[in-house]
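Chains as they are written, first to last, in full-length UniProt numbering: chain A, 1 to 524; chain B, 1 to 139. Heads up, the beta-carbon is just placed ideally off N, CA and C, and yes, glycines get one too. Here is the structure we will look at, set down as structure tokens.
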Amino acid sequence: MRQDTIRLPGPAVAPDPGPGAVRPGDLTPELIATDWWSDDAVSRAGIPVVDVPFVSVGGGIGSFVTVDYLRICGVPTSAIRVLTQLESPWESYEYLTRVSQIPRGERLRSDSASCPDNIWGFPSYAVREALATRSPRSLWNVLVEPILADYYTPKAGQAFESMEREHDRIDYASTVVKGQVRMVRRRVGGGYFTILIPAEGTSPTRRVAYRSRYVHVAVGYPGLKFLPDLMEYRERHRDYGSVVNAYEPHEQIYQRLAAAPGTVLVRGGGIVASRVLQRLIDDRDARGLQTQILHVFRTFVTGAHGPHVWMRRRGGDGWAYQGFNYPKSVWGGQLKARVRKLEGQERAALYAQFGGTNTPIRRNWQEQLRRGRRERWYHAFQGEITGLTPGPSGTVHAALRTANGPQDVQVTAVIDCTGLEADIREHRVLADLLDHGGAGRNPLGRLDVERSFEVRGTRSEPGRMYASGSATNGGYFPGVDTFLGLQIAAQEIADDLEALGFCARLGPVRSTHQWWLWARGRKI
Amino acid sequence: MLPTLNGRIQTRVFVLLVVGGLWTLLVSPLIGQPYGVTFVVLLAVVVLGVGWELLYHLIQQFRWEKDWPTLFGLLTAVNEGALLWALISAGAVPGVPREVPFGAFLVQFLSTWIIVWLVVNGPMRVPFVHWRFRGGRLI
């Protein structure tokens with residue numbers, strides 16, 4: 001990963017051997033250059049081969065929900081290997097939510113029935129919360145949402161703890177092999193080789209090849225990039241503490257604002273900006289701080305917007321409002337059915353219509369910002385940052401281009417809440433699939449998958465390669481980078497594998513029986 | 001709920017006939033009405049419901065999320081119940097006598113409605129794990 005990419009949990013990318021430095025059990029120039037590998041070529045390189053029917057690459061929540069589905073469809077742990085660098089499936093996700101101000105006690109932006117620990121979504125998080133807290137509050141919330149109350153969303157802690165229970169129930173740990181995946185290549189004669197760089201001291205060779213009929217790629221975000229202006233300031237002035245992206249640890253800024261009154265410049269109109277504003281205002285309220293907040297939107301939304309009366313999204317005060325990161329029906333209703341039929345530019349155009357930066361409308365956020373506007377410590381405006389330079393006594397000088405002309409401000413810190421997702425090529429496994437695996441890009445430039453989530457162009461009969469998660473955004477199903485999206489992908493994959501005879505069909509009888517086992521916490 | 005039009009109609013017909021049918025078997029003796037009457041009432045909810053679903057689908061088009069909030073699924077008992085009672089009172093439901101007691105109708109209609117609404121908002125997903133991702137379609 002490059003310097004302009006935010007680091008996520010896991011060690012850095014291990015280098016390939018240089019010319020002439022190939023040791024036994026390592027990749028050879030022949031292998032690196034060949035799209036289809038024979039058993040002989042792998043054996044000549046001295047790379048040990050492990051046979052297993054199904055390999056999942058990544059080991060995050062995408063791998064977890066897929067393995068969960070397959071286990072429920074009767075696949076034994078011995079038939080699955082998850083190759084990962086993560087300590088737990090939720091490690092990366094929890095890291096990102098924590099630094100962007102959603103610790104375990106705070107609520108996610110996720111529906112009550114989007115339960116990565118429960119493929120049925122029943123009982124939902126709201127029901128379980130009501131039972132655990134012996135309070136009907138969450139039930140009332142789901143009854144009247146989104147009309148009389150905000151959408152119910154589960155606490156991050158509830159999601160992690162319930163995933164941990166399911167992790168133990170399905171014996172997920174037995175499927176995990178620690179290490180870094182270098183590449184997946186098609187095998188002459190069918191299936192795939194997945195090359196793993198095992199964790200230090202666990203293997204006599206530098207590489208191990210997993211030979212499987214099926215491969216599932218769920219490597220998560222290729223990377224979150226810093227915006228160029230932010231990068232330039234930090235590198236030129238060697239100041240990494242005052243100008244930050246919200247997805248990196250930035251607790252120091254809240255501490256500085258607590259130590260002395262200051263002004264902070266927040267950029268962005270998404271949920272991360274909402275979270276950061278909430279933290280700033282909560283601190284202001286709880287500690288009696290005098291923090292002034294400047295909030296710059298690139299697109300300042302003043303009201304409901306959309307192409308026609310049947311496609312109009314709420315908005316105001318700068319924000320575009322939406323309960324979840326897509327209109328809700330992409331996860332099962334009308335929009336899901338509609339996108340499934342669209343190809344090429346038509347699909348990209350619909351994604352553009354319901355995409356764009358947005359945040360949920362939540363009553364407590366509305367109250368805080370209304371108060372900020374009234375008391376004149378929160379100022380939101382349309383504009384762009386045109387320059388950042390160090391100011392006196394540790395401050396930052398920001399030049400802005402606004403609707404009212406250029407403006408200069410001096411602030412304690414700049415918190416950038418815009419995320420620029422890196423190209424899929426930034427991830428080495430995905431880059432290799434594009435260069436050697438036959439994979440291509442969808443209309444949004446991400447990994448092109450079929451409706452079954454098979455990666456188009458990578459088939460190695462009778463094998464199949466699937467992908468799910470953020471890397472596949474732009475396909476026949478939107479909302480891939482969400483809890484429910486990962487489960488929908490897992491279902492499509494399991495249905496495809498069932499047709500190929502790899503797992504059992506999840507019909508009404510099996511489904512009900514398996515749910516009963518889940519409800520009783522019975523190990524499978 | 002995230003229904004498509006097709007899914008709405010399929011779910012309405014299936015759940016009312018299966019779950020509503022079982023409940024009607026149980027509730028009819030309790031409200032002192034013959035099965036001939038209670039099952040025709042149930043069938044009328046199904047038949048009229050298909051028309052109602054068309055209207056709900058139209059209303060749903062004005063919602064950005066294209067969802068159908070849980071509360072709507074409960075409150076539509078009011079308009080549907082009122083229309084059905086008006087039709088029964090007018091003698092327009094064949095097989096249901098005009099003199100059916102209002103109390104008996106109310107108990108049957110509301111209890112069936114609430115049970116069907118509860119099933120659709122959760123337990124339905126247990127046997128039919130694909131159903132919620134297909135807009136409520138079963139086939």
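- From the listed residues SER100(A), ALA79(A) and VAL217(A), the smallest Cα separation to ASP432(A) is found for VAL217(A).
- Closest in C-alpha terms to GLY383(A), from the list GLY269(A), HIS305(A), TYR152(A) and ALA45(A), comes GLY269(A).
- In this chain, the alpha helix (DSSP H) harbouring LYS336(A) covers 334 to 340.
- Counted as a single uninterrupted DSSP element, the stretch harbouring MET183(A) is not any alpha helix (DSSP H) but the beta strand (DSSP E) occupying residues 176 to 187.
- In summary, no residue of the stretch 69 to 91 of chain A has a CB separated from any CB of chain B by less than 7 angstroms.
- Straight across, the Cα-Cα distance linking ALA499(A) with PHE54(A) is about 15 angstroms.
- Counting along the chain, ILE195(A) sits inside the beta strand (DSSP E) bounded by residues 192 to 198.
- Here the stretch 363 to 376 of chain A does not lie against the stretch 330 to 341 of chain A, with fewer than 3 beta-carbon pairs under 8 angstroms apart.
- The alpha helix (DSSP H) runs lying completely inside the stretch 221 to 300 of chain A and spanning 4 residues or more are 228 to 237, 251 to 259 and 271 to 287, given in chain order.
- Assigned with DSSP and collapsed to three states, VAL396(A) falls in strand.
- Within chain B, no residue has its CB atom less than 9 angstroms from the CB of LEU342(A), the nearest being about 15 angstroms off.
- Going by beta carbons, TRP37(A) and VAL188(A) fall inside the 8 angstroms limit.
- As the crow flies, the alpha-carbon of PRO127(B) is around 15 angstroms from that of LEU118(B).
- A contact is defined here as three or more CB-CB pairs under 8 angstroms, and the stretch 385 to 393 of chain A fails this definition with respect to the stretch 504 to 515 of chain A.
- Residues PRO146, TYR151 and PRO360 of the same chain have their beta carbon placed closer than 7 angstroms to that of GLY323(A), with the five preceding and five following residues left out of the count.
- The beta carbons of GLY62(A) and SER468(A) sit closer together than 8 angstroms.
- Interface residue (Cβ-Cβ distance to chain A less than 8 angstroms): GLN61(B) is classified as such.
- Between LEU335(A) and chain B, the shortest Cβ-Cβ separation is below 8 angstroms.
- When secondary structure is reduced to three states using DSSP, LYS155(A) falls in the strand class.
- Shown here, GLN410(A) sits in a strand according to DSSP, grouped into three states.
- For THR70(B), there is no enclosing beta strand (DSSP E); the residue is found in the alpha helix (DSSP H) stretching over 70 to 89.
- Secondary structure at THR359(A): strand, using DSSP grouped into helix, strand and coil.
- Residue state for TRP90(A) is assigned as coil, using DSSP reduced to three classes.
- When DSSP assignments are scanned along the stretch 417 to 461 of chain A, no uninterrupted stretch of beta strand (DSSP E) that is 3 or more residues long falls wholly within it.
- Identification of residues in the stretch 468 to 491 of chain A having a C-beta nearer than 8 angstroms to some C-beta of chain B yields ILE488 and GLN491, given in sequence order.
- DSSP, reduced to helix, strand and coil, places SER212(A) within a strand of the structure shown.
- One thing to note: MET465(A) has its Cβ within 8 angstroms of the Cβ of THR458(A).
- Only buried fits PRO116(A), as 16 or more other CB atoms lie within 10 angstroms of its CB.
- At a beta-carbon threshold of 9 angstroms, the residues of chain A lying near GLY135(B) are SER329, GLY332, GLY333, GLN334, LYS336 and ALA337, ordered along the chain.
- Distance from the Cα of TRP310(A) is smallest, within the candidate group VAL19(B), THR38(B), ILE31(B) and PHE62(B), for PHE62(B).
- For LEU70(A), DSSP records no beta bridge to any residue.
- In this model, HIS250(A) and LEU265(A) are separated by some 14 angstroms (Cα to Cα).
- A distance below 8 angstroms separates the beta carbons of GLY179(A) and LEU83(A).
- Excluding its 5 nearest sequence neighbours in each direction, GLY344(A) has C-beta neighbours in its own chain below 6 angstroms: PRO443, listed in chain order.
- Using beta-carbon distances, ILE147(A) counts as an interface residue toward chain B, with a partner under 8 angstroms.
- Less than 8 angstroms divides the Cβ of ARG267(A) from the Cβ of CYS417(A).
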